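First comes the structure, then the notes that go with it.
In UniProt numbering, the protein residues as written are 1 to 193.
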């Protein structure tokens, strides 16, 4: 008798592999400040249905920009759109991003996601850019996968189903941490195990 049977629908850390429109639940919402000192709200979503049910779209940052009237107006529209999508009623006053974040957890909505700009390591991640009241239609992946991602088909597929992300060793100039050519050699006899 086997210990368990592998089931790709029963995994931890499922992730969404395509851009598109997804019905989601807010599973986490935190507030903080950006490196420039602007207030921000970071939201994680979990897909409710379809091909990526249970998959998460994580670390979506909404920044409160009030540098000038134009940016403030756009910021208010963006946060207002999110608030309406999660069911906040007309006329409700939002006193802080913390209040909105707390109210958002557990709420359902439909989001449009696309691949964001590559970070400093060249990786792109899904970012929500549209917020809608929860749709009665099923989630709709659009087939657009991570830019530059290798196909996860054929003999090189990842048996753990975590999106095939590759973790590569970073080699600094000089071949050691921080580029310092001084290295430390430790023999196996010096290790405590």
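We put the beta carbon where it would ideally sit given N, CA and C, even for glycine. This structure is a prediction, so every number in the text was calculated from the model and none was measured.
Can the beta-carbon of residue i be found less than 8 Å from the beta-carbon of residue j?
| i | j | result |
| --- | --- | --- |
| residue 127 | residue 114 | yes |
| residue 201 | residue 136 | In the structure as shown, the chain begins at 1 and stops at 193. Residue 201 is therefore absent and cannot be evaluated. |
| residue 103 | residue 88 | yes |
| residue 109 | residue 86 | yes |
| residue 105 | residue 14 | no |
Given residue i, which residues of its chain have a CB within under 6 Å of its CB, disregarding the five upstream and five downstream residues?
| i | result |
| --- | --- |
| residue 27 | 44 and 46 |
| residue 61 | 40 and 42 |
| residue 79 | none |
| residue 133 | 85 |
Among the candidates the options, whose CA atom is the shortest distance from the CA of residue i?
| i | options | result |
| --- | --- | --- |
| residue 51 | 90, 142, 1 and 5 | 142 |
| residue 144 | 124, 96 and 133 | 124 |
| residue 100 | 111, 81 and 73 | 81 |
| residue 32 | 92, 148, 83 and 59 | 59 |
| residue 148 | 131, 118 and 129 | 118 |
| residue 130 | 111, 36 and 7 | 111 |
Return the chain-ordered list of same chain residues with a C-beta closer than 8 Å to the C-beta of residue i, the five sequence neighbours on each side being excluded.
| i | result |
| --- | --- |
| residue 74 | 65 |
| residue 194 | Residue 194 lies beyond the range of the chain shown here (1 to 193); nothing can be said about it. |
| residue 153 | At residue 153 the pLDDT is 39, less than 50, meaning the model places this residue with poor confidence and gives no usable figure here. |
| residue 107 | 25, 26, 86 and 87 |
Whose C-beta lies closer than 7 Å to the C-beta of residue i among residues of the same chain, with five residues either side of it excluded?
| i | result |
| --- | --- |
| residue 19 | 113, 114, 115, 126, 142 and 144 |
| residue 38 | 63, 64 and 65 |
| residue 34 | 40 and 63 |
| residue 170 | Any reading at residue 170 must be qualified, since the residue scores a pLDDT of 39, below 50, and its modelled position is unreliable; no value is offered. |
Just list the residues that DSSP pairs residue i with in beta bridges.
| i | result |
| --- | --- |
| residue 17 | Residue 17 is not bridged to any residue. |
| residue 40 | 32 and 63 |
| residue 213 | Missing from the structure shown is residue 213; the chain here goes from 1 to 193 and no further. |
| residue 23 | 110 |
| residue 45 | 26 and 57 |
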